[in-house]
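There are 2 protein chains.
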Amino acid sequence: MHRTKVRVVEGVLDANDTIARANRADFDRAGVCVVNLMSAPGAGKTTLLERVLSDLGGVRAGVLEGDVQGSLDADRLAALHVPVTQLNTDPGFGGECHLDANMVRSALDQIALDALDLLVVENVGNLVCPAEFRIGEDARIMVSSVAEGEDKPLKYPLMFRACELVIVNKIDLLGHVDFDMDRFLHHLDAVHPGVSVLLTSARTGEGIGELRAWFAGLPQRVGAAV
Amino acid sequence: MHRTKVRVVEGVLDANDTIARANRADFDRAGVCVVNLMSAPGAGKTTLLERVLSDLGGVRAGVLEGDVQGSLDADRLAALHVPVTQLNTDPGFGGECHLDANMVRSALDQIALDALDLLVVENVGNLVCPAEFRIGEDARIMVSSVAEGEDKPLKYPLMFRACELVIVNKIDLLGHVDFDMDRFLHHLDAVHPGVSVLLTSARTGEGIGELRAWFAGLPQRVGAAV
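Protein chains in written order, with my numbering: chain A, 16 to 241; chain B, 16 to 241.
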């Protein structure tokens with residue numbers, strides 16, 4: 016029984032990787048650098064994007080907004096005059112708890128890729144399944160709020176392994192929650208040694224400049240034609 | 016294509032309901048009242064249980080602890096001398112992002128049901144899939160932390176509909192986060208009119224007495240043989 020199950024799962028993931036490669040080829044053709052932004056619900060992904068995308072120098076950024084349903088986050092980001100496309104997993108995809116390569120592909124004809132240098136894909140808020148599905152991205156970021164507790168890398172190790180940058184957000188709450196930063200970083204190092212870490216607060220602005228620089232420099236770092 | 020997909024999903028859920036009914040029958044035979052406790056990662060489920068289970072009067076409580084991997088939460092609860100059983104979705108179940116009836120069933124032979132009046136099943140931290148799978152429970156609670164923001168009922172409506180009690184937790188942070196309680200309750204009322212709500216802080220103890228009373232009174236309310 017288990018063997019059969021594993022084969023089926025591998026089949027699904029193979030199909031995902033095939034479509035992710037097709038997405039990747041389209042992104043490369045358009046010279047767009049793509050970031051997959053992941054976190055638990057309410058960790059602050061959208062607010063961070065509001066802060067960062069308002070000023071990325073000459074980098075032309077767009078957002079693909081993934082949600083089970085609704086367009087609350089897309090509406091917030093559209094107010095920044097950033098091109099935003101909403102992708103709901105509810106109507107067509109059965110209320111899936113993550114984005115996969117095929118869902119992203121289904122939205123590509125609504126995005127003017129040629130007009131972008133950077134596309135940020137804001138995934139569904141979830142610390143499990145989004146980490147299992149590549150979408151053709153150049154880099155993956157995961158955001159962890161200090162309000163969630165310092166044990167999260169140990170409880171959701173795949174998510175913390177499957178990213179190039181970990182953002183520890185809401186650090187303005189550090190005096191008000193039981194969160195030992197040293198212990199968090201120790202746990203993170205245990206599951207993903209050497210991963211880049213940024214400490215941020217969208218409220219106070221701490222770390223926002225560094226995050227903006229990270230985004231602005233990404234197209235050049237991955238060698239996309241900007 | 017979509018029709019086929021929907022049929023398959025319905026088939027899976029039918030099988031789940033069949034097994035959930037078998038669990039239900041076992042719980043009834045043993046006179047155990049069962050609560051399915053759900054939330055996003057880091058909303059404070061385990062800490063609330065630590066506060067509440069330490070003193071439930073004469074009610075004999077146990078916990079079935081669901082995690083993708085590890086036993087951090089189970090270890091914390093075992094320190095209270097409450098019988099705790101760990102159920103990991105990682106080794107046998109492919110790292111699933113939720114508990115289903117079959118996973119719960121696989122753990123039942125490790126739980127002395129006859130020695131319990133109340134079994135709390137702490138689900139995997141996730142606001143999407145846990146709401147879709149009944150496990151044979153009497154009641155479902157969902158915990159939402161004020162740090163997650165007031166928009167969560169609108170973004171994850173199924174989860175907020177699929178419960179008899181909504182706990183708004185970490186209210187000690189209300190002065191430090193952008194969270195308008197009236198607006199949250201308005202959103203909640205829009206997706207689940209009339210649902211019971213408890214405001215709690217595991218840190219200050221606010222609302223913990225009421226939550227303890229809710230748990231202690233549940234066996235009698237659902238008419239289980241206690």
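No residue lacks a Cβ here, since even glycine has one placed at the ideal position from N, Cα and C.
On a predicted model such as this, the values are computed, not experimentally measured, just so you know.
CB of residue i within 8 Å of CB of residue j, strictly
{"i": "B/Lys170", "j": "B/Ser159", "result": "no"}
{"i": "A/Leu214", "j": "A/Val183", "result": "yes"}
{"i": "A/Leu233", "j": "A/Val50", "result": "yes"}
{"i": "B/Phe199", "j": "B/Glu165", "result": "yes"}
{"i": "B/Arg155", "j": "B/Cys178", "result": "yes"}
{"i": "B/Leu176", "j": "B/His207", "result": "The sequence given here places Arg at residue 176 of chain B; Leu does not occur at that position. For B/Arg176 and B/His207, yes; Cβs fall inside 8 Å."}
{"i": "B/Leu189", "j": "A/Leu188", "result": "no"}
{"i": "A/Pro231", "j": "A/Ile223", "result": "According to the sequence shown, residue 231 of chain A is Ala rather than Pro. It is not a contact, given that the beta carbons lie outside the stated cut-off."}
{"i": "B/Val97", "j": "B/Ala76", "result": "yes"}
{"i": "A/Cys48", "j": "A/Val210", "result": "no"}
{"i": "A/Glu163", "j": "A/Ala45", "result": "no"}
{"i": "B/Ala205", "j": "A/Pro56", "result": "no"}
{"i": "A/Asn31", "j": "A/Ala127", "result": "no"}
Under 7 Å from the C-beta of residue i: neighbouring residues of chain B
{"i": "A/His191", "result": "Leu188 and His191"}
{"i": "A/Glu163", "result": "Pro56 and Gly57"}
Sequence-distant residues of its chain with Cβ nearer than 7 Å to residue i (five each side left out)
{"i": "B/Val139", "result": "Gly81, Asp82, Val83, Thr104, Cys112, His113, Leu114 and Pro145"}
{"i": "A/Val67", "result": "Ile223, Leu226, Arg227 and Phe230"}
{"i": "B/Gln125", "result": "Thr100"}
{"i": "B/Gly110", "result": "Val83 and Thr104"}
Within chain A, partners of residue i - CB distance below 8 Å
{"i": "B/Pro168", "result": "In chain order: nothing, as chain A lies at least about 10 Å away."}
{"i": "B/Val243", "result": "This structure cannot settle anything about residue 243 of chain B, because the visible part of chain B is limited to 16 through 241."}
{"i": "B/Leu87", "result": "Asp166, Leu169 and Lys170"}
Cβ neighbours of residue i in the same chain (closer than 8 Å, five flanking residues each side left out)
{"i": "A/Glu137", "result": "Leu52, Lys60, Thr61, Leu64, Val78, Leu79, Glu80, Gly81 and Asp88"}
{"i": "A/Phe108", "result": "Met118"}
{"i": "A/Leu173", "result": "Val143, Ala146 and Glu147"}
{"i": "B/Leu71", "result": "Leu133, Arg227, Phe230 and Ala231"}
{"i": "B/Arg36", "result": "Gly151"}
{"i": "B/Leu131", "result": "Ala45, Val47, Arg75, Ala76, Gly77 and Pro98"}
{"i": "B/Leu102", "result": "Leu79, Glu80, Gly81, Asp82, Leu114, Met118, Val119, Ser121 and Ala122"}
{"i": "B/Val241", "result": "At B/Val241 the pLDDT is 41, less than 50, meaning the model places this residue with poor confidence; the figure from the coordinates comes in the next sentence. Excluding residues within five positions, the ones whose Cβ falls inside 8 Å are Gly46, Cys48, Val74, Asp132, Pro234 and Gln235."}
Within chain A, the residues that residue i reaches when beta carbons sit closer than 7 Å
{"i": "B/Cys144", "result": "Cys112"}
{"i": "B/Lys60", "result": "Residues of chain A passing the Cβ test: none, with the nearest at roughly 11 Å."}
Beta-bridge pairing of residue i - partner residues as DSSP gives them
{"i": "B/Gln101", "result": "B/Glu80"}
{"i": "B/Ser160", "result": "B/Asn184"}
{"i": "A/Cys48", "result": "A/Leu133"}
{"i": "A/Ala154", "result": "A/Val50"}
{"i": "A/Leu214", "result": "A/Val183"}
Chain C residues whose Cβ lies nearer than 9 Å to that of residue i
{"i": "A/Ser160", "result": "Absent here is chain C; the protein component of the structure consists of chains A and B."}
Nonlocal neighbours in the same chain, by C-beta distance under 6 Å from residue i, ignoring five residues either side
{"i": "B/Phe194", "result": "Val161 and Glu165"}
{"i": "A/Arg120", "result": "Ile34 and Asn38"}
{"i": "B/Gly212", "result": "Here the sequence assigns Val to residue 212 of chain B, which means Gly is not the residue at that position. Val181, listed in sequence order."}
{"i": "A/Asp129", "result": "Ala45"}
{"i": "A/Ser86", "result": "Gln101"}
Contact list for residue i against chain A, beta-carbon separation under 9 Å
{"i": "B/Ala83", "result": "What sits at residue 83 of chain B in the sequence shown is Val, not Ala. The answer, in chain order, is Leu142, Val143, Lys170, Tyr171, Pro172 and Leu173."}
contact_flag[the region 142 to 161 of chain B, the region 87 to 100 of chain B] where n(CB pairs < 8 Å) is 3 or more: no
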